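Shown next, in structure tokens, is the structure this report addresses.
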Amino acid sequence: MKTVAKLKARLQKLHERTAETPLFNPVFQLSHDLSRQLEGGDLSLNDIDSLVAELECEALQSRAARLKRLVAPTEVPENLARIEALNPEEAGFSEFRQRWEKPLLHAVFTAHPTFLLSPAQSDAVATAALTDDPQSTTVCTVPHEGPKITLEFEHVEVCNAIQRAATARDRINATLLSYARQRWPGRWLDFRPLPFRFATWVGYDMDGRTDIGWTTSIAFRLREKAQR
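Position 162 of the sequence shown, counted from 1, bears residue number 399 in my numbering, the numbering being contiguous throughout.
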């Protein structure tokens with residue numbers, strides 16, 4: 238089993254045994270098979286390294302393709318045009334304000350799921366999702382070594398995410414304000430768009446952690462206010 242194709246074929250074969258023995262674990266058995274081949278000299282550590290690298294590449298490509306499906310279309314003008322198209326001609330100013338002045342989504346950002354990828358891998362996946370071919374092999378060529386995970390690193394990452402989200406929200410708000418100005422030139426200044434609200438619990442959730450004190454939370458909150 239020196240190729241991913243053979244690895245998958247063996248796993249599929251082992252999975253068939255679960256129909257007769259539900260408690261049978263095909264993944265454990267595959268691991269046992271690889272261990273035996275390694276001990277017997279039929280498989281080397283270099284072979285395993287190659288398998289892991291190929292599987293990692295496949296996973297990154299799959300993630301980029303899935304991300305593209307989730308956020309498509311990715312072209313900014315098309316997205317803004319769709320936002321503007323959500324405003325029917327028959328709707329009045331009151332209905333317009335009611336729709337856009339109350340957040341459609343309250344997004345609370347955390348950092349935990351991002352630790353699976355290094356910052357370079359995360360950037361590569363996001364960049365690939367914006368291309369016509371998200372499964373390009375270029376997503377696999379970035380370094381996978383990540384920084385040490387600390388509370389400070391978590392907070393910086395989540396603040397960066399909030400900043401990017403806020404930038405996108407600003408463009409949506411600008412589109413909505415422009416629409417309101419053209420449609421209701423005498424009333425548009427009363428419009429206060431707030432389609433999304435953003436927050437984070439990184440640095441505030443002390444449950445099970447010993448590296449967050451009350452001074453930490455205050456310092457992070459002041460930093461967030463300064464950035465906004």
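Backbone N, C-alpha and C define an ideal beta-carbon position, used for all residues, glycine too. No experiment lies behind these values; they were computed from the predicted model shown.
One or two residues paired with residue i in a DSSP bridge
{"i": "ALA344", "result": "PHE435"}
Pairwise C-alpha distance: residue j and residue i
{"i": "PHE428", "j": "PRO422", "result": "11 angstroms"}
{"i": "ARG418", "j": "ARG408", "result": "15 angstroms"}
{"i": "LEU288", "j": "GLN298", "result": "15 angstroms"}
{"i": "LEU260", "j": "VAL439", "result": "39 angstroms"}
{"i": "THR258", "j": "LYS245", "result": "20 angstroms"}
{"i": "SER359", "j": "TYR441", "result": "25 angstroms"}
{"i": "LEU414", "j": "THR387", "result": "40 angstroms"}
{"i": "ARG336", "j": "ARG460", "result": "31 angstroms"}
{"i": "ALA318", "j": "GLN266", "result": "53 angstroms"}
{"i": "GLU391", "j": "PHE435", "result": "16 angstroms"}
N-terminal and C-terminal residue of the alpha helix (DSSP H) that residue i is part of
{"i": "SER299", "result": "282–308"}
{"i": "LYS243", "result": "241–252"}
{"i": "THR452", "result": "451–464"}
{"i": "THR412", "result": "388–420"}
{"i": "ALA270", "result": "It is worth fixing the name first, because residue 270 is Asp in this sequence and not Ala. Segment 263–277, the alpha helix (DSSP H) holding ASP270."}
{"i": "THR364", "result": "356–366"}
{"i": "VAL313", "result": "313–322"}
Assumed close pair residue i, residue j - CB separation to whole angstroms, cut-off 8 angstroms
{"i": "GLN400", "j": "GLN464", "result": "7 angstroms"}
{"i": "PRO310", "j": "ASN316", "result": "6 angstroms"}
{"i": "LEU304", "j": "VAL362", "result": "6 angstroms"}
{"i": "ALA365", "j": "ALA301", "result": "4 angstroms"}
Sequence-distant residues of its chain with Cβ nearer than 8 angstroms to residue i (five each side left out)
{"i": "ASP270", "result": "MET238 and ARG247"}
Own chain, CB closer than 7 angstroms to residue i, minus 5 neighbours either side, in chain order
{"i": "ARG334", "result": "PHE428"}
{"i": "ALA357", "result": "VAL379 and PRO380"}
{"i": "ARG424", "result": "PHE330"}
{"i": "SER355", "result": "PRO380, HIS381, GLU382 and GLY383"}
{"i": "VAL376", "result": "LEU297, GLN298, ALA301, ALA361, VAL362 and ALA365"}
{"i": "LEU251", "result": "PRO263, GLN266 and LEU267"}
Any non-hydrogen atom of the ligand MG closer than 7 angstroms to residue i Cβ
{"i": "SER331", "result": "Among the components modelled here there is no ligand, and therefore nothing to report on the ligand MG."}
Close beta carbons around residue i, own chain, < 6 angstroms, minus the five adjacent residues each side
{"i": "ASN410", "result": "PRO430"}
{"i": "CYS395", "result": "What sits at residue 395 in the sequence shown is Val, not Cys. Around VAL395: PHE346, ALA348, THR437 and VAL439."}
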